[in-house]
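So the sequence lines, in the order shown, correspond to chains A and B.
Numbering follows the working numbering, with no gaps: position 239 of the first sequence is 239.
Position in the second sequence (from 1) plus 1000 gives the number in the working numbering.
Ideal placement from N, C-alpha and C gives every residue a C-beta, glycine not left out.
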Amino acid sequence: MRAATEVLAELRERILEAAASGIALRLRGAGTKDFYGEQPRGEVLDLSAYQGIVHYEPSELVLTARCGTPLSQIEAALAAQGQFLAFEPPRFAADPTLGGVIAAGLSGPGRPYFGAARDFVLGAHLLDAQGQTLRFGGEVMKNVAGFDVARLLCGSLGILGVITQVSLKVLPLPRGELTLRLEWPAAEALQHFNRLGGQPLPLSAAAWHEGAAWLRLAGAVPAVDAACARIGGERVDERAARAFWSSLRDLTLPFFAQEPVWRVSVPSTAAPLALPGPVLIDWGGALRWYAGLPSTAGVRAQASAASGTAALFRGPSAADTPRLHPLPGANLALHRRLKERFDPQGIFNRDRLIPGL
Amino acid sequence: MSVPDLVRALRAVLPADALLVSAEDRRPFECDGLTVFRELPALVALPRTEAEVRAVLVSCHRHGVPVVARGSGTGLSGGATPHPGGVLLSLARMNRILHIDPLARTARLEPGVPNQRISEAAAAFGLYYAPDPSSQVACSIGGNVAENSGGVHCLKYGLTVHNVLAVRGFGIDGERIELGGTAADGPGLDLLALAIGSEGLLMVVTEVIVKLIPRPPCAQLVMASFADVHSAGDAVAAIIGAGIIPAGLEMMDRKATAAVEPFVQAGYDLEAAAILLVESDGTPEEVADQVAEIERVLRAAGASSLRVSGSEAERVRLWSGRKNAFPAAGRISPDYYCMDGTIPRKHVGRVLEAIEAMEVSYQLRCMNVFHAGDGNLHPVILFDANEPGSWERAERFGAQILELCVELGGTITGEHGVGIEKINSMCVQFSAAERAAFFAVKEAFDPRGLLNPGKLIPTLARCAEYGRMRVHGGTLSHPDLPRF
């Protein structure tokens, strides 16, 4: 493997060339999310060689790694110390890089109870359009020096520059974990999820799929046991439970094979949307997946009416429909001005997050 | 624009009692919680509605007048220090709780609502708002958003940025800005993360939606004594290393316990070089399990004595000492200066020893309270503003602590903000290119630089000047020169 400094110098060179000639660069790690966002454009800038865990001290609850580091390597290092990434980023039956995980900012089933990817970002390095490495945030739990650009980069889909290094807060693995399955219709499950969310229970995931609710409880063993007794339902065998949550996290359940897949983010209390086609509910009601919807179903209008947004996550789109939910006007102007200042030549992941940017 | 012209312009858009013109009326707004920095604003505006806020901004924008927003004025970094030629925009009158949704677990608030009032209002539903800065009785949610405030329970429950779902307000031009939402994920860049902790430089917030969480039914506090600060620091690492995330994990050194004990009679061990306060919360089963584990780890880490709160009254009493550390400093010293650096936890012992050495070289006492779980230090430097040179020494003492934090991989501010106080230390933590990126963000929101100018980001010229003043080893080449 080549030295990290050498790889970084090469990336810098490519960026400077691109900036000088106005060539668009398409930032890529392992390519597990090529389908996500608008169609990527430009020459591929492969970031997978810039890898390695830079610091990891379990008692500091912080892990710092370079963007090309495979997630599997990070998760193995954490598991060896009894820790984990509580935002459970999707892996798609593959091995994404840390940079891709943070650039996409996607989170798994634990998100409503532990936090989203952005909640765990403590610091990041940005390789900008001038080839400079800028450090934002840091490796400590609390840091309010300067604007929180590190968190801004989470979910930016690379439009502000290359996220070359990330520091994440990590957490100890829960001592106990148990999954309950309850045969509730969707509307009833939504009510239960919200009601239970307001009670001091060690909930760590709540999903609804094919006629049943799945509740995951995690924490101190006696607390998990007491919560199970209180909620009731069927205790799912440990292996089956693990298989369910990881295939939900990785979006590998057969449900997700029926394209197009729409990802609808709404308040957890929103009533079931009047859309045809199967729904899978995650995040205690705040995330609704729709698979195989006819293109005329009006999913975006329904999501907006419920104070939410809808993204065409996977599958072919109509030419005139942006895949990600369009931004309101004032916000779009702010995005444009930020993009102009961070990437004046518009070389990084053009159009990927927002068409025209 | 002249002040009389500005008064005329704002009188046209505000009710008579929403504008303070006389020096006497403006005086209470001359400083925030960091009282060493004082400046009389040209005018004070006290709007009651979003429309009035917008009118002030539009008018100031048109005439190129700076605007400094202010909540309750409890900030500790001079973030709300007024601009002498600008409008001080107080949001204190916008203090209504607009809506609490117990099922969705959210509260919609005007910016002037005091932090603690949110939890009081949510208590009927078994819910509360988690971030709890020491000033929570008074500090406003709008100010918390501006500073990304923390508190003693951040390690488990997060900072303001983890507990705010949405803000809305206006840009300096009066354009409506809405960021975040009650849906979990929004489209585009995470501008909400940028706005939180932006110290009033990007927008004026007129409404905040926060997340409420279930109130844990049970909480217990363990107090542990240590014979030296190093073992106390190691015990902190041992707790985290054992897979425990306590609800709160605080350290106080002997100087701090000695200062607060006569004041609040918390029952602290005054023989100990340092004490740890470790709180567990959750269901009764969870707390019993965790407290037993905490006791085991603390004993193994060499605690000389342990005490577990046996009642809610005792728990509250043990906390009261920590929460009153700053007022206690005010009782034992004419003035005090509270610092706010963060370091990787493993360096606690080292930093406390370095601070001891600095006490000698600056001839000032310093007591230490410390959010140990987060690595967030609050050294409290005691000084006497009436003694010539005392404040200057305190200020340099503080700056040297912050530089040490940066050197050890930490930061100059964990939760109090940069404001005007730490603006020079920003030159130490960030390169010119990084500071230029902060200015780029600022320009995207406020191209004319009218919102809270002179705070948070130092100019190149300022850093060059500071660089000339700084001399390694903690002394300055011209200690008599005024620094601001």
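Other residues of its chain near residue i: CB distance less than 8 Å, five sequence neighbours each side excluded
| i | result |
| --- | --- |
| T1160(B) | P1131, N1144, V1145, E1147, N1148, S1149, G1150, I1196 and G1197 |
| P40(A) | R26, R28, D34, N349 and R352 |
| G1467(B) | C1427 |
| L11(A) | L45, L47, Y50, L127, V162 and T164 |
Close-in-space but distant-in-sequence residues of the same chain around residue i (CB under 6 Å, 5 per side omitted)
| i | result |
| --- | --- |
| G99(A) | G29, L47, C67 and I163 |
| A1328(B) | A1259, V1260 and F1263 |
| L1192(B) | L1179 and G1180 |
| V121(A) | A150, R151 and C154 |
| R1093(B) | L1046 and R1048 |
| F114(A) | A86 |
Residue-chain proximity (residue i, chain B), Cβ-Cβ < 8 Å
| i | result |
| --- | --- |
| W283(A) | yes |
| T269(A) | yes |
| C154(A) | yes |
Cβ of residue i within 8 Å of any chain A Cβ
| i | result |
| --- | --- |
| L1249(B) | no |
| G1143(B) | no |
| P1482(B) | With a pLDDT of 36 at P1482(B), under the threshold of 50, the predicted position of this residue should be treated as unreliable, and no value is reported. |
| C1463(B) | no |
| P1344(B) | yes |
| M1469(B) | no |
| V1161(B) | yes |
| L1191(B) | yes |
| F1370(B) | no |
| N1148(B) | yes |
| D1384(B) | no |
Limits of the unbroken alpha helix (DSSP H) element including residue i
| i | result |
| --- | --- |
| E259(A) | Premise fails: E259(A) is in no alpha helix (DSSP H) and is neither H nor E. |
| N194(A) | A186 to G197 |
| G100(A) | L98 to A104 |
| W1391(B) | S1390 to E1407 |
| W245(A) | E238 to R249 |
Nearest-angstrom Cα separation, counted from residue j out to residue i
| i | j | result |
| --- | --- | --- |
| V236(A) | L178(A) | 8 Å |
| A1080(B) | D1384(B) | 24 Å |
| H325(A) | A310(A) | 6 Å |
| A1023(B) | L1040(B) | 8 Å |
| D1480(B) | V266(A) | With a pLDDT of only 41 at D1480(B), under the threshold of 50, the placement of this residue in the model should not be trusted, and no figure is reported. |
| E1279(B) | R1048(B) | 40 Å |
| Q1116(B) | M1358(B) | 37 Å |
| L1057(B) | L1450(B) | 10 Å |
| S1231(B) | G219(A) | 28 Å |
| L275(A) | L293(A) | 8 Å |
| C1218(B) | L1091(B) | 36 Å |
| A76(A) | R135(A) | 26 Å |
| G110(A) | S1225(B) | 37 Å |
| P344(A) | G31(A) | 26 Å |
Close beta carbons around residue i, own chain, < 7 Å, minus the five adjacent residues each side
| i | result |
| --- | --- |
| R2(A) | A49 |
| A227(A) | L201, P202 and L217 |
| T69(A) | Q51, G52, I53, T97 and L98 |
| D375(A) | Any question about residue 375(A) goes unanswered here, given that chain A covers just 1 to 357. |
| H335(A) | L327, I354 and L357 |
| A1009(B) | S1059 and H1063 |
| G1112(B) | G1071, L1091, A1092, R1093, M1094, N1095, S1140 and G1142 |
For residue i, the first and last residue of its enclosing beta strand (DSSP E)
| i | result |
| --- | --- |
| I1209(B) | V1204 to K1211 |
| P1379(B) | N1376 to F1383 |
| F136(A) | T133 to G137 |
| T179(A) | G176 to L182 |
| F1326(B) | First-last for F1326(B): A1325 to I1332, but that is the alpha helix (DSSP H), not the beta strand (DSSP E). |
Closest Cα partner of residue i within the set the options
| i | options | result |
| --- | --- | --- |
| K1346(B) | W1319(B), G1410(B), S1431(B) and G1302(B) | G1410(B) |
| G946(B) | P1066(B), R1435(B), I1343(B) and R1011(B) | A question about residue 946(B) goes unanswered here, because the residues of chain B that appear run from 1001 up to 1484. |
| D1173(B) | A1092(B), L1194(B), S1059(B) and Q1265(B) | S1059(B) |
| Q1265(B) | A1313(B), G1171(B) and A1444(B) | A1313(B) |
| N1095(B) | H1083(B), R1108(B) and V1087(B) | R1108(B) |
| P112(A) | F193(A), G292(A), A274(A) and H125(A) | F193(A) |
| Q258(A) | Y290(A), G233(A) and A240(A) | Y290(A) |
| N1376(B) | V1007(B), H1099(B) and G1248(B) | G1248(B) |
| R1435(B) | I1420(B), P1447(B), L1456(B) and H1416(B) | L1456(B) |
| E1050(B) | N1452(B), G1169(B), L1155(B) and R1448(B) | G1169(B) |
| E188(A) | G158(A), F342(A), A271(A) and R239(A) | A271(A) |
| A1301(B) | R1322(B), L1276(B) and V1205(B) | L1276(B) |
Cross-chain neighbours of residue i in chain D, by beta carbon under 9 Å
| i | result |
| --- | --- |
| P109(A) | Included in the structure are the protein chains A and B, with no chain D among them. |
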